[in-house]
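Q: If you read the sequence shown in my numbering, its first letter stands for residue 114, the second for the next number, and so on.
What follows is a structure written as structure tokens; I'll ask about it next.
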Amino acid sequence: MLLSFLFFLALFAAIGVSSFLRSRGTKHDYYLASSDVPPFLVGLSAVATNNSGYMFIGVIGYTYATGLASIWLMVGWILGDFLGSMWVHRSLCRATRETGESSYAGVISYWNGSRFSTWQRLAGVLALMFLLAYASAQLVAGSKALYVLLDLPIWSGAVIGGVIVAAYCLAGGIRASIWTDAAQSIVMIIAMGILLFAATQSVGGLGAAWSQMGQVEGYLNWYPENMLLPGLAGGVVFAIGWLFAGLSVIGQPHVMVRFMALQDENRMIHARCWYYLWFTAFYFMATGVGMLARIMLSDPGSFDAELALPMMAQELLHPALVGLILAGVFAATMSTADSLVLSCSAALTHDILPHRIDRTWMLKAATLGITVAAVGWALLNKQSVFSLVVMSWSALASAFAPLLIVLSLGGRPSQRVYIAMSVVGLATALLWRYGLGWHSHIYEGMPGILAGLAVYGGYRLLERAPLASEASA
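The structure is reproduced here in structure tokens:
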């Protein structure tokens, strides 16, 4: 098991470090791979970054606890993600070329010839804070898997993951991240497929599995319990909430930077095909594994549900295949953590600091510092992977997604409106989660995104009011 695991880790590290041979030594190359990435690499890299340790650890743990109703997460998330891609991805790729900016916030702040430096610094601070929290969650996910399968101290996974991520990010920047993501996406889907097949066979096939799930009270209910509304209405509201979670991908700098790096905006449909075929297959298998875990590990109060996948692997598979599963979990965590670290580095060096940094060694120093901070946060973290990821995801979405939707549809808000949309959207999401505690009923990014859009709608109404008065006069 250990040899299998180490082999894949060495493979990922070698792929990442080898990208140094293609490095051009510029800031645009370090953060955007000179905007010359082919569609298949964009698609595979984006899906690996999106399907993080959250999928291996968080979603499986949530499905273990919730049952069939968790399928609405999958349906809503993928559909919302697709809608967002139809509106935003090509426009963002085009704007990246037109502005010449190297960061996500930089492209948005310079969209359509604007120069909103105050908003850019605010966006950089928000991105740095929440992406760092997100990165720490990925390292925690890897730590949990190592703890179960190799009996290593809980802190060791965060340190090992941090060292590997730092090594290839320092070597090749975003290109290293994209190359390793593509390899990691293949390992991830193979690992999940093997575990799903083995688990299904171990319980006697699909029919026997379904029958055993039906014996767990409420496990095959179509709608989650404790919804704001009863029955079908509550299920629809729940699904719509997670549709907004999928739409929230456009507010994630570490995912969107992949589409910003595409070599030709007119090839976006090819990147999209790779992305959604892989995404749908992987999410479906993760949901299946989570449900099978409940009938194989039948005492939900005796262990952390987010440890279900590594525990199943240990029980079902040959040690060499367990090493593959562990490599898949680590691949998922690293494919997202490296992207998060680089996005944090871009936010710091390109958006927050008053004088932009262009020297490559300084960019790499910032990347190393961010990695150390992420590892430190992971070691001190007390929240679940699922909770920390969803909080960070919804915060970033609420701050950035409304702006991207408006800009992609041709809107041209002022800098004050930029700031108001980001602040109101973020504040609404945080209030929904921490002030009202309604996040267990409806994903908090939904009211956050709607609040941000409402700010722009109010601005347009106020803008038109004087014109209407003049016309009537």
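Beta carbons: idealized from backbone N, C-alpha and C, even for Gly.
Can you have a look at T209 and say buried or exposed, based on whether 16 or more other CB atoms are within 10 angstroms of its CB?
A: Locating residue 209 in the sequence shown gives position 96, counting from the first residue. Buried is the call here.
Q: Determine the direct distance from the alpha carbon of W355 to that of A542, and round the result to whole angstroms.
A: Residue mapping note: residue 542 aligns to position 429 of the sequence shown, counting from 1. Residue mapping note: residue 355 aligns to position 242 of the sequence shown, counting from 1. Cα to Cα, the separation comes out at about 14 Å.
Q: Taking the C-alpha atoms as reference points, what is the distance between L309 and A279?
A: Reading the sequence shown from its first residue, position 196 is the one you call residue 309. Reading the sequence shown from its first residue, position 166 is the one you call residue 279. Computed Cα separation, rounded: 32 Å.
Q: Under a three-way DSSP split, which group does S222 fall into?
A: Here residue 222 refers to the residue found at position 109 of the sequence shown. Three-state DSSP puts S222 in a helix.
Q: Assign V349 to one of three DSSP states: helix, strand, or coil.
A: Counted from its first residue, the sequence shown places residue 349 at position 236. Three-state DSSP puts V349 in a helix.
Q: Answer yes or no: do N163 and V368 have a C-beta to C-beta separation smaller than 8 Å?
A: Position 50 of the sequence shown, counted from the first residue, corresponds to residue 163. Position 255 of the sequence shown, counted from the first residue, corresponds to residue 368. Yes, these two residues count as a Cβ contact at 8 Å.
Q: Need the endpoints of the alpha helix (DSSP H) that R288 sits in, please.
A: Here residue 288 refers to the residue found at position 175 when the sequence shown is read from its first residue. R288 -> alpha helix (DSSP H) spans S269 to S315.
Q: Taking its Cβ as the centre, do 16 or more other Cβ atoms sit within 10 Å of C386, making it buried, or is it exposed?
A: The residue you call residue 386 lines up with position 273 of the sequence shown. When all chains shown are included, C386 counts as exposed.
Q: Just to confirm my understanding: we take Y572, look at its own chain, exclude 5 residues before and 5 after, and list those with CB closer than 7 Å. What are they?
A: As a working mapping, residue 572 is identified with position 459 in the sequence shown. Cβ neighbours of Y572 beyond the five flanking positions: P526 and V530.
Q: For L375, which of helix, strand or coil comes out of DSSP?
A: Counted from its first residue, the sequence shown places residue 375 at position 262. Strand at L375.
Q: Let me confirm a value: H463 is counted as buried when at least 16 other C-beta atoms fall within 10 Å, else exposed. Which label applies?
A: For the purposes of this step, residue 463 is taken as residue 350 along the sequence shown, with counting starting at 1. Answer is buried; the Cβ neighbour count reaches 16.
Q: If we count Cβ pairs, one from each stretch, closer than 8 Å, do we get three or more for the segment 497-517 versus the segment 182-196?
A: no
Q: Using CA coordinates, which residue listed in A126, L115, V150 and F121 is at the minimum distance from N379?
A: Position 266 of the sequence shown, counted from the first residue, corresponds to residue 379. Comparing Cα positions, the closest option is V150.
Q: Let me confirm a value: W545 is counted as buried when at least 16 other C-beta atoms fall within 10 Å, else exposed. Which label applies?
A: In the sequence shown, counting from the first residue as 1, residue 545 sits at position 432. That one is buried.
Q: Comparing alpha-carbon positions, which option in M504, I555 and L455 lies nearest G237?
A: Indexing the sequence shown from 1 puts residue 237 at position 124. Of the listed residues, the one whose Cα sits closest to G237 is L455.
Q: Hey, would you say S117 sits closer than 8 Å to A312, going by beta carbons?
A: As a working note, residue 117 is residue 4 in the sequence shown. As a working note, residue 312 is residue 199 in the sequence shown. No, the pair does not count as a contact, with Cβ atoms beyond the cut-off.
Q: Is DSSP giving V435 helix, strand or coil here?
A: As a working mapping, residue 435 is identified with position 322 in the sequence shown. In this structure, V435 counts as helix in the three-state DSSP scheme.
Q: Alpha carbon to alpha carbon, how far is C457 from M409? Give it in angstroms, no decimals.
A: Sequence index remark: in the sequence shown, residue 409 carries index 296 (1-based). Sequence index remark: in the sequence shown, residue 457 carries index 344 (1-based). Computed Cα separation, rounded: 40 Å.
Q: Taking A533 as the reference, give the member of L522, G561, P467 and V568 with the closest Cα.
A: Taking the first residue of the sequence shown as 1, we reach residue 533 at position 420. Among L522, G561, P467 and V568, the Cα nearest to that of A533 belongs to V568.
Q: Contact defined as beta carbons within less than 8 Å: I believe R234 pairs with R135. What is the distance between those atoms, to the nearest angstrom?
A: One-based indexing of the sequence shown puts residue 234 at position 121. One-based indexing of the sequence shown puts residue 135 at position 22. Not a contact, Cβ separation roughly 32 Å.
Q: Could you give the residue range of the alpha helix (DSSP H) that holds E330?
A: Start at 1 with the first residue of the sequence shown, and residue 330 comes out as number 217. Careful: E330 lies outside any alpha helix (DSSP H) and carries neither H nor E.
Q: Whole-angstrom Cβ separation of A182 and W335, contact assumed at under 8 Å?
A: Position 69 of the sequence shown holds residue 182. Position 222 of the sequence shown holds residue 335. Their Cβ separation, rounded to whole angstroms, is 6 Å, which keeps A182 and W335 in contact under 8 Å.
Q: Count Cβ pairs between the segment 241-255 and the segment 439-455 that sit closer than 8 Å; are there 3 or more?
A: They touch, by the three-pair rule.
Q: Could you give the C-beta distance for V488 and V172, rounded to a whole number, given that I count them as a contact under 8 Å?
A: For this step, residue 488 is matched to residue 375 along the sequence shown. For this step, residue 172 is matched to residue 59 along the sequence shown. The Cβ separation is near 24 Å, so there is no contact.
Q: Looking only at C-alpha atoms, which of G359, L263 and S222 sits nearest to W232?
A: Residue mapping note: residue 232 aligns to position 119 of the sequence shown, counting from 1. Of the listed residues, the one whose Cα sits closest to W232 is S222.
Q: Using only alpha-carbon positions, find the residue among R407, A421 and M373 that is nearest to T212.
A: Position 99 of the sequence shown holds residue 212. Ranking R407, A421 and M373 by Cα distance to T212 puts M373 first.
Q: What is the residue span of the alpha helix (DSSP H) that W474 lies within?
A: Indexing the sequence shown from 1 puts residue 474 at position 361. Start and end: T473 to L493.
Q: Starting from the C-beta of G441, find all residues in its chain whose C-beta is less than 6 Å away, skip the five residues before and the five after it, and write them out in chain order.
A: Position 328 of the sequence shown, counted from the start, is the residue given in the question as residue 441. Cβ within range, chain order: V300, M301 and A304.
Q: Check this for me: beta carbons of L539 and A508, under 8 Å apart or not?
A: If you number the sequence shown from 1, residue 539 lands on position 426. If you number the sequence shown from 1, residue 508 lands on position 395. Yes; because the gap between Cβ atoms is below 8 Å, this pair is in contact.
Q: For D294, is the classification buried or exposed, using 16 other Cβ atoms within 10 angstroms of its Cβ as the cut-off for buried?
A: The residue labelled residue 294 in the question sits at position 181 within the sequence shown. Answer is buried; the Cβ neighbour count reaches 16.
Q: Within 10 angstroms of the Cβ of Q251, are there 16 or more other Cβ atoms? Answer buried if so, exposed if not.
A: What you label residue 251 is simply residue 138 of the sequence shown in a count that begins at 1. That one is buried.
Q: To the nearest whole angstrom, what separates the beta carbons of S216 and Y144, a pair I think is in contact under 8 Å?
A: The residue labelled residue 216 in the question sits at position 103 within the sequence shown. The residue labelled residue 144 in the question sits at position 31 within the sequence shown. Indeed, because the Cβ distance is near 7 Å, the residues count as touching under 8 Å.
Q: Can the beta-carbon of T473 be found less than 8 Å from the beta-carbon of L283?
A: Within the sequence shown, numbered from 1, the residue matching residue 473 stands at position 360. Within the sequence shown, numbered from 1, the residue matching residue 283 stands at position 170. No, the pair does not count as a contact, with Cβ atoms beyond the cut-off.
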